[in-house]
Amino acid sequence: MNTNHLSLKLFLNSQQQAHKTDQNLCSLIESIAHTCQKISGLVSQGALENVLGSAESSNIQGETQQKLDVLTNNMLIDSCQASGFLSGLASEELDEILITPSQYSSGDYLLLFDPLDGSSNIDVNVSIGTIFSILKKPTHHNLISEKDFLQKGSEQVAAGYVLYGPQTTLVLTLGQGVFMFTLDKSTKEYLLTRENVLIPEDSKEFSINMSNMRHWAPPVRKYVEECLAGSTGPRQKDFNMRWIASMVADVHRILTRGGIFMYPWDQREPGKPGKLRLMYEANPMSFLIEQAGGASINSQQNILSIQPLKLHERVSVILGSKNEVAKLLEYHQGL
Ligand code: AHM
Ligand code: MG
474 MNTNHLSLKL FLNSQQQAHK TDQNLCSLIE SIAHTCQKIS GLVSQGALEN VLGSAESSNI
534 QGETQQKLDV LTNNMLIDSC QASGFLSGLA SEELDEILIT PSQYSSGDYL LLFDPLDGSS
594 NIDVNVSIGT IFSILKKPTH HNLISEKDFL QKGSEQVAAG YVLYGPQTTL VLTLGQGVFM
654 FTLDKSTKEY LLTRENVLIP EDSKEFSINM SNMRHWAPPV RKYVEECLAG STGPRQKDFN
714 MRWIASMVAD VHRILTRGGI FMYPWDQREP GKPGKLRLMY EANPMSFLIE QAGGASINSQ
774 QNILSIQPLK LHERVSVILG SKNEVAKLLE YHQGL
């Protein structure tokens with residue numbers, strides 16, 4: 474093993490020194506990472522721990538919860554509340570925000586997470602992950618409410634995900650670039666394996682659920698049809714396509730080798746902006762993508778500039794290599 478990799482703890486210490494990052498924020502991130510290390514162990518045990526299959530319950534979005542959705546949600550709630558750095562938290566699997574109970578100390582931060590994204594992939598042993606977003610509690614409040622969570626993505630102080638794939642990888646931004654850590658399962662330590670990640674500006678790879686093609690708006694259809702036309706079409710190059718159906722895995726590929734990810738609005742439910750959730754899926758991923766030099770829009774607007782109106786708000790998502798996202802923006806603006 475290469476012993477030159479910096480541990481997450483030492484990396485966070487260096488951030489404190491270089492950028493005056495708040496120590497409590499660093500400790501909160503360590504606490505999330507530690508819980509995700511346990512989640513990684515549970516996920517890999519699967520059927521041996523009897524954690525696969527449906528929990529026979531549903532969340533506020535009406536989606537059936539898997540046993541692992543419920544278990545991982547509880548693990549993150551328990552450890553993060555007890556950390557003492559949170560005023561409250563919100564999760565894809567909780568109807569409402571949870572204010573830190575009085576038996577724990579309360580802190581300056583608000584945490585939002587999707588405890589296990591890519592639920593449809595749990596039982597088929599395909600990569601899944603935990604996504605998190607950290608906001609500062611607005612200082613003028615003592616008692617927090619849902620309103621305090623409704624901050625634009627540009628207000629995030631940190632965001633990241635942990636991907637449970639062939640390796641367990643923590644990907645993190647504190648607003649000073651994107652860093653990747655691989656979990657060393659023998660020592661249970663996260664070690665820095667990529668720094669200052671940058672996404673190529675151009676790409677020949679797109680990611681979208683093609684089965685929905687007939688429902689898309691014309692700009693998205695035009696973009697994908699041009700990709701499919703390959704070297705003989707207007708783009709004059711052949712494109713590849715990937716769709717893992719776990720946003721964490723698709724975004725990880727884009728952070729690693731570029732590309733574009735789309736989960737757009739479609740005409741089946743015109744009143745619904747998209748499938749993905751703004752506050753704990755699109756915002757943290759958009760923060761990472763922008764920090765790595767990529768771009769992220771709903772269709773007309775930068776995702777990080779959207780003012781959320783409710784906790785479980787949905788949004789159309791187009792993110793990845795800068796020049797590809799710019800092309801979609803042009804098509805949506807009718808250019
Ligand atoms: P989830 O939070 O219920 O797992 O849903 C989000 C996931 C994303 O990870 C992924 O990009 C998308 O849903 C896949 O959707 P589909 O199954 O429609 O292709
Ligand atoms: Mg999700």
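Just so you know, we're using our numbering here: the sequence shown kicks off at 474 and counts up by one. No residue lacks a Cβ here, since even glycine has one placed at the ideal position from N, Cα and C.
Straight-line CA distance for residue i to residue j?
| i | j | result |
| --- | --- | --- |
| Gly744 | His785 | 15 angstroms |
| Gly650 | Ile791 | 20 angstroms |
| Thr660 | Cys700 | 44 angstroms |
| Gly675 | Leu665 | Per the sequence shown, the amino acid found at residue 675 is Asp instead of Gly. For Asp675 and Leu665, the distance between alpha carbons rounds to 26 angstroms. |
| Gln510 | Leu656 | 8 angstroms |
| Arg750 | Pro574 | 26 angstroms |
| Gly731 | Glu678 | 8 angstroms |
| Ser531 | Gly591 | 15 angstroms |
| Asn775 | Tyr736 | 15 angstroms |
| His725 | Lys695 | 26 angstroms |
| Ser414 | Trp738 | No statement about residue 414 is possible, as the shown extent of the chain runs from 474 to 808 and does not include it. |
| Pro673 | Phe652 | 16 angstroms |
| Asn523 | Ser517 | 11 angstroms |
| Phe734 | Gly514 | 29 angstroms |
| Ile502 | Pro707 | 45 angstroms |
How about residue i: is its Cβ closer than 7 angstroms to a heavy atom in the ligand MG?
| i | result |
| --- | --- |
| Glu786 | no |
| Asp551 | no |
Give a yes or no on contact between the region 527 to 547 and the region 558 to 577, applying the rule of three or more CB pairs nearer than 8 angstroms.
yes
If you scan the region 736 to 769 from start to end, which runs of the alpha helix (DSSP H) of 4 or more residues do you find wholly inside it?
756 to 764
Answer yes if the region 481 to 498 comes into contact with the region 572 to 589, meaning at least three C-beta pairs across the two stretches below 8 angstroms, and no otherwise.
yes
Does the count of Cβ pairs from the region 622 to 640 and the region 788 to 802 closer than 8 angstroms reach three?
no
For the pair the region 555 to 563 and the region 535 to 542, tell me if three or more CB-CB distances fall below 8 angstroms.
no
Go through the residues and name those whose CB comes closer than 7 angstroms to any heavy atom of the ligand AHM, in chain order.
Glu536, Glu565, Asp587, Asp590, Gly591, Ser592, Ser593, Asn682, Trp716, Ala718, Ser719, Met720, Val721, Asp723, Tyr736, Lys748, Leu749, Glu754
Beta strand (DSSP E) segments (min. 3 residues) lying fully within the region 550 to 636
559 to 564, 582 to 590, 601 to 609
Three-pair Cβ contact test at 8 angstroms for the region 746 to 760 versus the region 611 to 631:
yes
Entirely within the region 680 to 711 and at least 4 residues each: give me those alpha helix (DSSP H) ranges in chain order.
691 to 702
Cβ contact check for the region 768 to 781 and the region 597 to 615: 3 or more pairs under 8 angstroms
no
Decide yes or no for the touch test of the region 700 to 714 against the region 591 to 606: beta carbon pairs closer than 8 angstroms, at least 3 of them.
no
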